[in-house]
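K.L.:
By the count of my numbering, the sequence shown reaches residue 180 at its end, each step adding exactly one.
The beta carbon of each residue, even a glycine, is placed where N, CA and C say it ideally should be.
Can you keep this structure in mind? I'll have questions shortly.
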Amino acid sequence: ISILPILLSNQNRRNTEASIKYFIIQAIAATILLNAAIINTWNNGSWLINAPLNTFSSILITVALLLKLSIWPFHFWYPEVINGVSLTNGLIITTWQKIAPTIITFLIINNLNINIISICSISSIIISAWNGLNQTQTRKILSFSSINHISWIILISLYNQNTSLTMFFIYITINTAI
């Protein structure tokens with residue numbers, strides 16, 4: 003919720019619409035994540051992040067993290083939001099707001115549904131690259147590039163988390179430089 007005042011600092015209609023869309027999507031993802039944690043705690047009796055996940059909780063957490071990271075099929079909102087906010091707010095959304103879900107993904111990647119993550123990441127890589135080629139607006143190109151990079155980072159984290167973490171820092175550096 004603390005990001006909302008920053009996003010709403012620029013008072014125009016397009017920025018307000020994009021900020022509210024971002025807030026609603028993130029609130030839905032956070033609600034799914036919280037419900038999955040409650041269901042898992044109910045079944046396992048532990049709030050630990052590395053506690054074993056049951057199948058339903060694993061799928062819910064996977065969906066919530068994919069939504070927070072804007073990976074296919076939950077990426078449709080992302081280009082519109084990045085296109086609607088200022089460049090500074092776009093930088094915050096593409097970097098700072100991706101840190102927490104990415105770290106959570108790294109911590110529990112072995113408990114998540116690997117098939118869903120693989121299929122969604124590969125699909126997101128292909129679709130975002132294809133959609134990025136079809137754009138004429140710079141911010142939309144940057145948003146599809148961001149979707150592509152995050153998808154690669156999550157896909158690589160299935161195999162080597164050190165490489166994925168290095169790639170994530172490079173991603174943040176590149177976006178900050180732009």
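Nearest by alpha-carbon distance to S147: which of T90, N115, I73, I110 is it?
P.N.:
Nearest option by C-alpha distance: I73.
K.L.:
Just tell me which of I128, W154, A102, A66 has its CA closest to the CA of N37.
P.N.:
For the residues I128, W154, A102, A66, the minimum Cα distance to N37 belongs to A66.
K.L.:
Buried or exposed for L89, please, with buried defined as at least 16 other CB atoms from any protein chain shown within 10 angstroms of its CB.
P.N.:
Exposed: under 16 other Cβ atoms inside 10 Å.
K.L.:
Measure the alpha-carbon distance for I121 versus L157 and round it to whole angstroms.
P.N.:
Answer to the nearest angstrom: the Cα atoms are 9 angstroms apart.
K.L.:
Give me the residue from Q137, I127, N133, L109 with the minimum Cα distance to Q163.
P.N.:
The candidate whose alpha carbon is nearest that of Q163 is L109.
K.L.:
Which same chain residues, not among the five before or five after F170, have their C-beta less than 7 angstroms away from its C-beta?
P.N.:
Counting only Cβ-Cβ distances below 7 angstroms, and skipping sequence neighbours, we find T104, I155.
K.L.:
Kindly indicate the opening and closing residues of the alpha helix (DSSP H) around I158.
P.N.:
Residues 140-159.
K.L.:
For T175, collect the residues of the same chain with a Cβ closer than 7 angstroms to its Cβ; drop the 5 residues on either side in sequence, then sort them by chain order.
P.N.:
For T175, where only same-chain residues beyond five positions count, there are no Cβ hits under 7 angstroms.
K.L.:
Just the Cα atoms here: how many angstroms apart are I85 and R141?
P.N.:
The sequence as given places Asn at residue 85; Ile does not occur at that position. Those two C-alpha atoms are separated by around 5 angstroms.
K.L.:
Compute the Euclidean distance between the alpha carbons of Q139 and R16, then round it to the nearest angstrom.
P.N.:
So the alpha carbons of these two residues sit roughly 15 angstroms apart.
K.L.:
Just curious, the alpha helix (DSSP H) that S123 is in, first and last residue?
P.N.:
From DSSP, the alpha helix (DSSP H) with S123 extends over 116-135.
K.L.:
List the endpoints of the continuous alpha helix (DSSP H) containing N177.
P.N.:
Its alpha helix (DSSP H) spans residues 163-179.
K.L.:
Could you give the DSSP three-state label for V87: helix, strand or coil?
P.N.:
V87: coil per DSSP, three-state reduction.
K.L.:
Find the nearest neighbour of T57 within the set K70, N42, L50, N136, judged by alpha-carbon distance.
P.N.:
If we check each option's Cα against that of T57, N42 comes out closest.
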